[in-house]
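Residue numbers (this note's numbering), protein chains in the order written: chain A, 1 to 285; chain B, 1001 to 1453; chain C, 2001 to 2324.
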Amino acid sequence: MDALIRSLIDGLLLGFVYGIAAMGLTLIWGVMNVINLSHGAIIALGMFSVYLLFTALGISAYIAVAITAVLGLLFGIVIYFIAVHRVIDAPELSTLLATYAVNMIIIGVGTSIFKTSPRNVPLDLGSVHLGPAVVPTTRLIAALVAILVAAGLFLFLKYTRPGRYIRAVTDNRDAAEIVGVPSAQVLALSFGLGTMLAAVSGALIATVFPFTILSGGSYELKSFVIGVLGGLGNPVGSLFGGLILGDIESLVPLVMPTTWTPVLEFVLFVVILLVKPNGLFGGEE
Amino acid sequence: MRRKLYLFLGLLVLASLVLVGCQSTSSEATSAPSSGGNEAEVTQAPAEATQAPAEASEAPEAKEVTVTIGFTQSQTGKYNEESSSQTQGLELWVKQVNDQGGIKLSDGTVVKFKTVYYDDESTGDKVQQLYTRLITEDNADFLISPYSSGLTSMAAVVSEQYGKIMLATGAASDSIYTKGYERVYQIYTPASRYLTGAVDLLKSLDPNLKKVAFVYENSKFSQAVVGAAKDYAEQQGYEVVLFEGYDPGTTDFGAFINKIADSGAEAVMGGGHFQDGSTFARQLYEKQLDIKYLALLVAPADNGFSELGDAAKNVVGPSQWEPSANYSPESAKAAGLAWFGPTSAEFAKAYEDAYGETPSYHAAGGYAAGLVLQKAIMDADSVDPDKVKAALDNMDLLIFFGHIKFDTSEDAHGLQIGHEMVYVQWQDKDGKLVKEVVWPKEGATAAPVYPLR
Amino acid sequence: MSKRIQQHASLWLSLGAVLLIGIWPMLTGNALDRETAFTVLRAVALASSLNILLGYTGYVSFGHVVFYGLGGYVGFYLISERGWSLWLAILAGGLAAGLLAYLLGLAILRLRGAYFALATIGVNEAVRAFINNFEPFGGPTGMTLNFKIYKLYGGPANALQLSFYIILGLTLLVILVSYWVRTSKFGLGLLAIREDEDAAEVMGVVAPNAKTWAYVLSAVIPGMVGALVFFKNGTIEPGLAFPLNTSIVMIVMIMLGGQGTVLGPILGAAGYETMRDFLLVSPLFKNLQLAISGVLLLIIVLFIPRGLVGWLRQRYPKVRRLLI
Chain A
1 MDALIRSLID GLLLGFVYGI AAMGLTLIWG VMNVINLSHG AIIALGMFSV YLLFTALGIS
61 AYIAVAITAV LGLLFGIVIY FIAVHRVIDA PELSTLLATY AVNMIIIGVG TSIFKTSPRN
121 VPLDLGSVHL GPAVVPTTRL IAALVAILVA AGLFLFLKYT RPGRYIRAVT DNRDAAEIVG
181 VPSAQVLALS FGLGTMLAAV SGALIATVFP FTILSGGSYE LKSFVIGVLG GLGNPVGSLF
241 GGLILGDIES LVPLVMPTTW TPVLEFVLFV VILLVKPNGL FGGEE
Chain B
1001 MRRKLYLFLG LLVLASLVLV GCQSTSSEAT SAPSSGGNEA EVTQAPAEAT QAPAEASEAP
1061 EAKEVTVTIG FTQSQTGKYN EESSSQTQGL ELWVKQVNDQ GGIKLSDGTV VKFKTVYYDD
1121 ESTGDKVQQL YTRLITEDNA DFLISPYSSG LTSMAAVVSE QYGKIMLATG AASDSIYTKG
1181 YERVYQIYTP ASRYLTGAVD LLKSLDPNLK KVAFVYENSK FSQAVVGAAK DYAEQQGYEV
1241 VLFEGYDPGT TDFGAFINKI ADSGAEAVMG GGHFQDGSTF ARQLYEKQLD IKYLALLVAP
1301 ADNGFSELGD AAKNVVGPSQ WEPSANYSPE SAKAAGLAWF GPTSAEFAKA YEDAYGETPS
1361 YHAAGGYAAG LVLQKAIMDA DSVDPDKVKA ALDNMDLLIF FGHIKFDTSE DAHGLQIGHE
1421 MVYVQWQDKD GKLVKEVVWP KEGATAAPVY PLR
Chain C
2001 MSKRIQQHAS LWLSLGAVLL IGIWPMLTGN ALDRETAFTV LRAVALASSL NILLGYTGYV
2061 SFGHVVFYGL GGYVGFYLIS ERGWSLWLAI LAGGLAAGLL AYLLGLAILR LRGAYFALAT
2121 IGVNEAVRAF INNFEPFGGP TGMTLNFKIY KLYGGPANAL QLSFYIILGL TLLVILVSYW
2181 VRTSKFGLGL LAIREDEDAA EVMGVVAPNA KTWAYVLSAV IPGMVGALVF FKNGTIEPGL
2241 AFPLNTSIVM IVMIMLGGQG TVLGPILGAA GYETMRDFLL VSPLFKNLQL AISGVLLLII
2301 VLFIPRGLVG WLRQRYPKVR RLLI
C-alpha cells in the first residue's frame, strides 16, 4: 500500500510538469493546426536557460524559471514570424518540416555551444515527507509552479482580451478575422504562449533531473502521448493527460519491468489516435 | 518569381561551394593511400608502416618511423568524463615515449607515435564510420578502442574487417571477445569479475544481511557485470530480491527506488557508467532510502563522484586501478613476472604534473594501453602487425596497472585473464571526502565504513 | 511515340545517376570512397522508397525508419542465430517489413494529415520499445555477429565489397519500382489520392486499398536495405535500428529533390549526404552541420516547396518530360 502511495505521489508531481509541456503543444495545435516539432528543442533551451542563469549569473533558480518564461514567449513569437507564418495555410507537411527545421537549427547551434555532455543545476533543498513518501523539495516546488502556470494560462484565456481573441481564432479563424480579430498577432501570441509553456516545463525539469541539449526529444515524445491522451487542441485535457502519463510511468513499474512502460505508452498512443482521436475526454468526431 | 530565382541561385552557389569542398577532400582521399587500391590490398593495408622498417634495414643509418594510433573519444555526451581521462592517459604515454626518443628497434629504426582521433559523441551512430575513416583515410597503424563496451563492440567489427590490431581499454564486457575476433586485446579486467569482490566485501562486513537488489543499466557492460555478480551472490547465500535494468540515459530513478523500498533490500548493487550512476546515487540519497550498503559501477571510482557530497559518502565501487596500487619491479619478481614501465607512483606523479589532477583508473587504462603496445612492438622488434600480434599473444607481464595476460584460445581470444580489481569507498575524513581502497584486504588503505548512513 | 522515348529517357537519367554513384568508388578503388558511396546509395534507396508513399499519395510517414529497423532485426536474427544466408535474410527482411506495412496500413491509413504522421511516430517508438524488451533479439544490447560468418562470404573484405554491390542493386530496383509506379495507372490513382482523396474515391479512380499497397511497396525495400546494412555493420541495437531522426532526414531529402518525382529523391539524397559528409569533417562546420541543414530545409520549405526537380519542371517546361 505504501508503495502504491509513494508511486502515485511521484507520478502526480511529475505529471504536472509533463502536463504544462503538453499544454504548450496542444495550444498551438488547437489554434493553428500546427504540430510544433521544435517543441523538444525549446524544452531543452528552457533547461539551459535556467542552467546558465543559475550557474553563470548566480540568479536564484526560481527567478531564473520566471525569466525563462519571458524569453520563451518572445522566442516563440520570433519563430512564428520567421518559420511558420508563411506556410500557415500550406499542407501539414510544410509546417511539420518548417518547425522541424527550427528544431535542427536550435539543436545544431546548441550542440556546438554546449556539447552533448550532461548538466546539472546543483540545487539541494533537502526533502520533505508526504505521508509514506519522501519527496525532494525541488520536485514539490516544480509541481506547484506548474500548477500556478496552468492556472495563470487558464485565467488569461478566459478573462483577458488577447485570451478571448485566441479562443475565438481557435473556434473559427475565418469568422474571427471577419469580426476584426488581428489574426496574425493572435497566432503569433499563441505560438509564443505554446513555446513559453515548453520552456517553463524544461526549466522546471532542469531543477530536478540532469539533462543534455538533446534531452528535449524524449519529453517531446511524452508531450505527443499526453496531447493525444487529453485530446489535441485541448489544453486543459493536456494537464490531466500529464497526470495520467506521470502515474503510468510510476505505477506500471510496480507490476512489470520498468522498460515495458514505453511500449505501453506508445501502443496506447496509437490506439487512442485510432479509436478516440479527440482524446479520452473529447467527444465523438 | 524573381525572388525565388535569386534564392535558388543562392542555393546553387551554396551547393557548388559544397561540391568544390568535397572535390578537394575527395581528391586528397584518392591520392593519399595509393596502397589502398582494391580489396585484396586493403587487408594488407598497414603497408606504409610495415615497409618502412624494411627500407630502414637497407639504409643502415637511423631511420625514424611514425606510427599512427587511431581512436575515437567521447568529447561530448554521457561518456565524456571517462573517455577524456582515457585519452589524457594515452596522450601522456605518447608524449613520454616520444620525449624519450621513441622505441629503438634492433635494425636501428626509431619508432615514434602520433595520435589521430575524432569525437564519437558517446553514441554508436558514427563509431563505425569514424573507424573506417581512421583506417582508410588517416592510415592508422594501430587502434585504441573508444570508451565503453557498447562502442567498442561496434569499432571492433570495423577494426577486424580491415585486419587491424585494436587495444581495447575501457571496454570490459566479456562478450566482445567471444565473437571470433583475432586482433582485439582487452586491457581491463572483464565485466564478469567486476562486482564479485563487492559481494565478498559485504559478506565480511555483515554476515547477517541477506537481501540484495541489483539495479543496473541496460548496456552490454553492466548486464555482463550483474549477471555474473548475481550468480555469485546467490552462491554465497544471498537472496536477490530485485533484479532489474534501466535504459541508458535514464534520469528519473524514482520508480526503481520505490521498487527497492518495496522489495525490502538492505544492499543495492549495480549502476552502469558515470552519469547514470551519479544520478542514481543522488536520488537514492534524496529519497532517504534506508539501505546499508551501496556498490555502484564506474561512478565511485571517478574523482568527479565526490561532487555529490553527502550522497557519495560511503558508496563502494570497483576500480581497475588506484594510485595506491603497489605494483613494482619487486612485486613482479615475487610473482615471477617480467616488469615493464613506470611504477604506479611514477605514473601518478607524471599525470598530476601534466594535468593537475589525480589519475582515475580510466586515465591509467589509457596509459596502460599505450604501454602494452610499446612493449609488444619492442618484443616484436618490428611494427609489422602480424609480429606485434604474436608478441601480444605471448605477453605475460606486470606493469603499474597490474598483471597483463591475454586469453589466446579460439573461443575468447584477447580476453584479459591476468588483471585484478580493487574496491574503493568514499569516506568522510574531517568533513572532506576521501577515496580509500577498502578491498581486498592486502591492498586496503583504510578500513571499510559500514553501514552506509 | 516520341513521348514514350522521352519518358524512358527520364528513367535512363535516374538509373544513370545511381550508376554513377556506384561506379565512382570502383574507379578510384578507394575504400573510403566506397564507404561514402554506400551511405549515399542507402540514403537514395530509403528516400526513393518513402517517396512512393509520401510523394505519390501525400501521406507523410514520420516513422518510416521502422521498416528499415524491423527488416534489419529480422535479417540479422536469421543470419546470426539461425544460420540463414545473406540472400534469404535480405528477402525475409523485406517480407517482414512489407507484412508490417500491410497490417499497419489497414489500421492507420484511415488517419489523415498530421494524425497519420503522429501515428507513424508512435508506431516506430512502440516497435523500438518492444524490441528493447524482446530477448530473442538480444533486448536492449542487441546482437553482434560472430566474425566467422564473414568467412562464408570470402572474408570480411569481400563481404564489404559484396554488400556494396547489393546496395547498388537494391537502389536500382527502387528506381525501377518508383518509375513504374509513377507511370502506371496505379500511380495515377495514387496521385489522385494526393490531390483529393475523397473525390478520388467517389470517382472510383482508386482501388480501395491502393494506398495500402503503396505503403507496402514503400516499406519492402527499406526492410531489405536494413537487413543488408546491419549485416555489413556486424552489430544491431534498438537505438541504431530505429532512429526517429533518420525518418525525418529521409523526408528532408525528398523535399530537397522534389516530392512525387523519380529523380528528385535521388538528387536530394545524394546532395544531402554529400553535404553532410563534407560538413562533418570540416573543422569549421562540424558542429554546425545540423544547423546548416536546418537553414537549408527552412529555405526549401518556405520558398521552394516543390524541391529542385519540381522547380526545374516549373521553370523550364521544355524539360518536363525528361524530369519526372
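Backbone N, C-alpha and C define an ideal beta-carbon position, used for all residues, glycine too. Predicted, not measured: the structure shown is a model, and the values here were computed from it.
Residue i, enclosing beta strand (DSSP E) - first and last residue
{"i": "B/Q1186", "result": "V1184 to Q1186"}
{"i": "B/F1142", "result": "F1142 to I1144"}
{"i": "B/F1214", "result": "K1211 to E1217"}
Same chain, Cβ closer than 7 Å to residue i, five either side skipped, listed in chain order
{"i": "C/T2171", "result": "V2018, L2041, V2044 and A2045"}
{"i": "B/K1210", "result": "Y1238 and E1239"}
{"i": "C/E2273", "result": "T2039, V2040 and A2043"}
{"i": "C/L2191", "result": "Y2056"}
Proximity test, Cβ basis, 7 Å: residue i and chain C
{"i": "B/M1269", "result": "no"}
{"i": "B/Q1075", "result": "no"}
{"i": "A/M47", "result": "no"}
{"i": "B/G1272", "result": "no"}
{"i": "A/R86", "result": "yes"}
{"i": "B/S1034", "result": "Unreliable placement is indicated for B/S1034, whose pLDDT of 33 sits below 50; no coordinate value is reported for it."}
Terminal residues of the alpha helix (DSSP H) in which residue i lies
{"i": "B/L1130", "result": "V1127 to T1136"}
{"i": "A/V169", "result": "R161 to D171"}
{"i": "B/T1115", "result": "Per DSSP, B/T1115 belongs to no alpha helix (DSSP H); it is in the beta strand (DSSP E), V1110 to D1119."}
{"i": "B/I1260", "result": "G1254 to S1263"}
{"i": "B/Q1096", "result": "N1080 to D1099"}
{"i": "B/A1447", "result": "No alpha helix (DSSP H) contains B/A1447, which DSSP labels as neither H nor E."}
{"i": "B/K1389", "result": "P1385 to N1394"}
C-beta neighbour in chain A for residue i, strict 7 Å
{"i": "C/L2168", "result": "no"}
{"i": "B/E1064", "result": "no"}
{"i": "B/K1210", "result": "no"}
{"i": "B/D1120", "result": "no"}
{"i": "C/N2051", "result": "no"}
{"i": "C/M2001", "result": "Here C/M2001 scores only 45 on pLDDT, less than 50, and its place in the model is too uncertain to base an answer on."}
{"i": "B/G1037", "result": "In this prediction, B/G1037 has a pLDDT of 33, which is less than 50 and means its spatial position is unreliable; what the coordinates show is noted afterwards. Not closer than 7 Å to any Cβ of chain A, the Cβ of B/G1037 fails to qualify, so no."}
Chain-ordered chain A contacts of residue i [CB-CB under 7 Å]
{"i": "B/Y1246", "result": "T258"}
Neighbouring residues, chain C, relative to residue i (Cβ below 7 Å)
{"i": "B/V1157", "result": "N2233, G2234 and T2235"}
{"i": "B/G1180", "result": "N2146, F2147 and K2148"}
{"i": "A/A101", "result": "G2294, L2297, L2298 and V2301"}
{"i": "B/K1220", "result": "T2141"}
Partner residues on chain B for residue i, Cβ-Cβ distance less than 9 Å
{"i": "C/L2011", "result": "The premise fails here: C/L2011 is roughly 25 Å from chain B at the closest Cβ pair, so nothing lies under 9 Å."}
{"i": "A/P136", "result": "Q1283, E1286 and K1287"}
Residue-level contact to chain B via CB, residue i, 7 Å cutoff
{"i": "A/S201", "result": "no"}
{"i": "C/T1956", "result": "Nothing can be reported for residue 1956 of chain C, as the shown portion of chain C is limited to 2001 through 2324."}
{"i": "C/R2306", "result": "no"}
{"i": "A/T116", "result": "yes"}
{"i": "C/E2035", "result": "yes"}
{"i": "C/P2222", "result": "no"}
{"i": "A/P253", "result": "yes"}
{"i": "C/G2310", "result": "no"}
Contacts of residue i in chain C (Cβ-Cβ under 8 Å)
{"i": "A/G108", "result": "N2287, L2288, Q2289, L2290, A2291, I2292, S2293 and G2294"}
{"i": "A/M104", "result": "L2290, A2291, S2293, G2294 and L2297"}
Cut-off 8 Å between Cβ atoms - residues of its own chain near residue i, not counting five sequence neighbours on either side
{"i": "B/N1080", "result": "S1074 and S1122"}
Partner residues on chain B for residue i, Cβ-Cβ distance less than 8 Å
{"i": "A/F209", "result": "T1251, D1252 and T1279"}
{"i": "C/L2240", "result": "G1124 and D1125"}
Cross-chain neighbours of residue i in chain A, by beta carbon under 8 Å
{"i": "B/D1125", "result": "Simply none; closest approach about 12 Å."}
Residues of its chain near residue i, where Cβ-Cβ distance is below 6 Å and the 5 sequence neighbours each way are ignored
{"i": "B/H1419", "result": "T1189, G1402 and H1403"}
{"i": "C/G2022", "result": "L2168"}
- Can you give, in chain order, each stretch of the beta strand (DSSP E) that sits fully within the segment 1232 to 1309 of chain B and has at least 3 residues? 1239 to 1246, 1267 to 1271 and 1293 to 1296
- Task: Only counting runs of 4 or more residues, tell me where the alpha helix (DSSP H) segments fall wholly within the segment 1 to 73 of chain A, in order along the chain.
- Result: 2 to 32 and 39 to 55
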